[in-house]
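**Q**
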Amino acid sequence: MRQTWQDLAVALPRLDDDFSPVIQFQPAPDFAALNDIPEAALPRWMADAAIDVEGPDAKLRAAYLMGDLSFAVVQTFAALALRGYWVVASHASPVGVRPRFVHWTEDGENGVSQTFDLFLNPDSLVFSHAPSPYAFARTIEDLFSPIVKAMTHQSKLSNTAFHRLIGDSIAYAFLAHGRVLDREQEAMVAALSILREPGTKLTNRKVRFDHITLPEAPEIGQWLRVRGGCCRAYTRPGKPDYCTTCVLRDDESRAERFRNYLRRTRLRADAEKS
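Taking this note's numbering, the leading residue of the sequence shown gets 1310, the next gets one more, and so forth.
(1) Within its chain, find whatever has a CB closer than 6 Å to the CB of Pro1455; leave out the 5 residues flanking it on each side and keep chain order.
(2) Whether or not the segment 1330–1350 and the segment 1387–1395 are in contact is what I'm after, with contact meaning three or more pairs of Cβ atoms, one per stretch, closer than 8 Å; do they touch?
(3) With a Cβ-Cβ cutoff of 9 Å, do Ala1320 and Val1396 count as a contact?
(4) In whole angstroms, what separates the C-alpha of Asn1468 from that of Arg1575?
(5) Got a sec, what are the start and stop residues for the beta strand (DSSP E) Glu1415 sits in?
(6) For a test of the three-state rule: what should DSSP assign to Pro1322, helix, strand or coil?
(7) Can you pull the DSSP bridge partners for Ala1342?
(8) Can you give the Cα-Cα distance for Glu1495 and Val1421, rounded to whole angstroms?
(9) Closest to Cys1255 by CA distance: which of Ser1437, Tyr1551, Val1383 and Leu1351 is it?
(10) Per DSSP, what are the beta-bridge partners of Arg1541 in this structure?
(11) When DSSP labels each residue in this structure, what does Ser1422 get in the three-state scheme?
(12) Flag this pair as yes or no: are the beta carbons of Val1435 and Ser1402 separated by less than 9 Å?
(13) Taking the C-alpha atoms as reference points, what is the distance between Pro1336 and Gln1315?
(14) Short of 6 Å in beta carbon distance, which residues of its chain neighbour Met1375, apart from the five on each side in sequence? Order them along the chain.
(15) So, for Leu1504: in the same chain, excluding its five sequence neighbours on each side, which residues have a beta-carbon less than 7 Å away from its beta-carbon?
(16) If you reduce the DSSP assignment to three classes, tell me which class Ile1479 lands in.
(17) Please state whether DSSP places Ser1562 in a helix, a strand or coil.
(18) Suppose you measure from the CA of Val1404 to the CA of Arg1534; what does that come to, to the nearest Å?
(19) Here's the rule I'm using: 16 or more other beta-carbon atoms within 10 Å means buried, otherwise exposed. How should Gln1486 be labelled?
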């Protein structure tokens, strides 16, 4: 018997360990409807999104929040699409979100960051087994439309910037879940079919995928999602920098930074095994 999309959703691989969303299908009072976030919640969520940054401005806080929130939501829908369930419509209050904090340690540093869990309403989400890039894009656009409007008002960051961040999350979510399934090419084609589809606010032709290899070890390589939007990390007070995938970074510096990442991870891992 074919699995339902709910069965698949609760069994999805947790790509980011504790940061991955916990999914439930029963409403709870501490979840806020994505299309009706309480006005008082947004400033708090924005501040918590940049909790590790000293003195972030409203645009940075808003960009960080949209990046975290959109990835929490769209990674689930991307993973379901790759498993044969394309979300094509939503009604009423289909998605609820609940923030939580995660403590992390990486490269000798540690901190705390915000992530989000999800409530998915089975009665309010419509899926198709046929690939449906346009319907997928319109559904995601509709889900985020109210919060984009509210955050644009509060932060003065443009709604175009928010839609680009959502598009970046879609591209990365498809790539990440495609990698888990060993179907990266299919996943990248699916993501680009959504983001190249005309007629939605998520349309963005700047997003792309580059395959980066190590000159000293050509067998070591990985696909990299190149952003079409900007998370505004370069505006951090005291720590301005362009992230590796930033749209503002030139191709060669982006590739070299990613090669250094591959050296720290894949090359070092291979050396330790030998």
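Note that CB positions come from ideal geometry on N, CA and C, so glycine has one too.
**A** Checking against the coordinates, here is how it stands:
(1) Excluding sequence neighbours, Pro1455 sits near Asn1344.
(2) Touching, no, given that fewer than three Cβ pairs across the two stretches are closer than 8 Å.
(3) Cβ atoms of Ala1320 and Val1396: not closer than 9 Å.
(4) Roughly 38 Å separates the two Cα atoms.
(5) Glu1415 -> beta strand (DSSP E) spans Val1404 to Glu1415.
(6) If DSSP states are grouped into helix, strand and coil, Pro1322 belongs with coil.
(7) In the DSSP output, where bridge partners are listed per residue, Ala1342 has Gly1405.
(8) In a straight line, the C-alpha of Glu1495 is about 34 Å away from that of Val1421.
(9) Outside the displayed span of the chain (1310 to 1583) sits residue 1255, for which this structure offers no information.
(10) Arg1541 pairs with nothing; no bridge assigned.
(11) Three-state DSSP puts Ser1422 in a strand.
(12) Contact: no.
(13) Rounded to the nearest angstrom, the gap between the Cα atoms of Pro1336 and Gln1315 is 15 Å.
(14) Once the five neighbours on either side are set aside, the close Cβ partners of Met1375 are Phe1471 and Leu1474.
(15) Gly1476, Ile1479, Ala1480, Leu1511, Thr1512, Asn1513 and Val1516, listed in sequence order.
(16) Judged by DSSP in its simplified three-state form, Ile1479 adopts helix.
(17) Correct three-state label for Ser1562: helix.
(18) Each residue's alpha carbon lies about 26 Å from the other.
(19) For clarity, residue 1486 is His in the given sequence; the question names Gln instead. Around the C-beta of His1486, 16 or more other C-beta atoms lie within 10 Å, and the residue is accordingly described as buried.
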